[in-house]
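Below you'll find the structure, written out as structure tokens, and then a few comments.
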Amino acid sequence: MIGTVISGYRIVRQVGKGGMGVVYKAVNEQIARTTAIKVLNPRYCQDPETVQRLMNEARAVNIVGHPGLINIHEFGQLEDGSGYLIMEFLDGDTLRARLKSQGGRWWPGGVRIAQQIASTLAATHEHGIVHRDLKPENVMLVADSHIAGGERAKILDFGVAAVRPRAGDGESAFFFPCGKGVERLRGALPAQSLLFSKRHPLRRQTL
Ligand SMILES: Nc1ncnc2c1ncn2[C@@H]1O[C@H](COP(=O)(O)OP(=O)(O)O)[C@@H](O)[C@H]1O
Ligand SMILES: [Mg+2]
């Protein structure tokens, strides 16, 4: 993928990898803009529900629109059908990397980070959106001189997020890659919806 141009952005290097896709740093030199592009793993590209899930990831964060969430600008599909998202590039560490570098020990900024994450989640829940895959690799820490502590936690990866359907909405549009609507697997979104996961949300007991 290095060197490929997607929607005007040339991919320069890989910056991360998760269960569903690979994330690249990409630049548009003409307008001096850097972005991150998440491209779905090609093994999922023939599965329309997985592509739909990527689109829903973008919708979820844009519905909430909170500084503690990643900004996602664009959804599209490559010629082979692979879905991609163009989002803001976060120049920072994952919370996983930070915890590792702290050697599992307490650090003074940790509470502030936890408070930010809780407050961002509260905002998403106000919009009826539940992340359901919250884990340190889905949180990035970026410098932000405008807030106390100079660092902002950004929650990523709303790929398996769910929305509480509103009256008249019918079934939720949020899906798992296995091809079944979450609500059909677990029943309508309950108050005790899964908030955190260790591996796959469906393998973890409801909290
Ligand atoms: N916008 C971004 N800027 C920089 N790195 C990112 C960005 N988004 C994701 N990453 C990196 O890529 C990894 C995988 O991204 P994620 O959205 O969680 O993909 P997946 O759905 O495959 O788990 C993250 O853990 C992080 O290291
Ligand atoms: Mg992830």
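Numbering follows our numbering, with no gaps: position 165 of the sequence shown is 206.
By construction, the Cβ of each residue, glycine as well, lies at the ideal position given by its N, Cα and C atoms.
A distance below 8 Å between beta-carbons, with the five flanking residues on each side excluded, links D134 to the following residues of its chain, in chain order: S142, M181, L182. Note on V152: under 16 other CB atoms within 10 angstroms of its CB, so exposed under the neighbour-count rule. For D132, same chain residues with a beta-carbon under 8 Å away, outside a window of 5 residues either side, are V183, A184 in chain order. Taking a 10 Å sphere around the C-beta of H172, we find 16 or more other C-beta atoms and assign the residue as buried. Within the DSSP secondary-structure output, L140 pairs in no beta bridge.
The C-alpha of Y125 lies about 10 Å from the C-alpha of A99.
If you draw a 10 Å sphere on the C-beta of S160, you find fewer than 16 other C-beta atoms in it, and that means exposed. In the structure shown, A189 falls within a helical segment according to DSSP collapsed to helix, strand and coil. By the CB criterion at 7 Å, E115 and I127 fall inside the cutoff.
In this chain, T45 is not harboured by any alpha helix (DSSP H), its DSSP state being neither H nor E. Per the coordinates, the alpha-carbon of I113 lies some 19 Å from the alpha-carbon of G169.
Here the alpha carbon of R84 sits roughly 42 Å from the alpha carbon of P149. Distance between G44 and V56, taken at the CA atoms: about 14 Å. Between A194 and E90, the alpha-carbon positions lie close to 29 Å from each other. Short note on L95: C-beta not closer than 6 Å to any heavy atom of ligand 1. Uninterrupted beta strand (DSSP E) stretches at least 3 residues long and entirely within the stretch 101 to 188 occur at 113 to 118, 124 to 129, 133 to 135, 180 to 184, given in chain order.
Residue burial is scored here from C-beta neighbours: S123 has at least 16 other C-beta atoms within 10 angstroms and is therefore classed as buried.
Between I196 and L110 the beta-carbon gap is near 6 Å, inside 8 Å, which marks them as a contact. The beta-bridge partner set that DSSP reports for R54 consists of K66. Residues lining ligand 2 by the Cβ criterion, that is a Cβ closer than 6 Å to any of its heavy atoms, are G59, E178, N179, D198 in chain order.
Distance from the C-beta of T161 to the nearest heavy atom of ligand 1 is not below 6 Å. Assignment of beta-bridge partners to V80 by DSSP yields V63, Y125.
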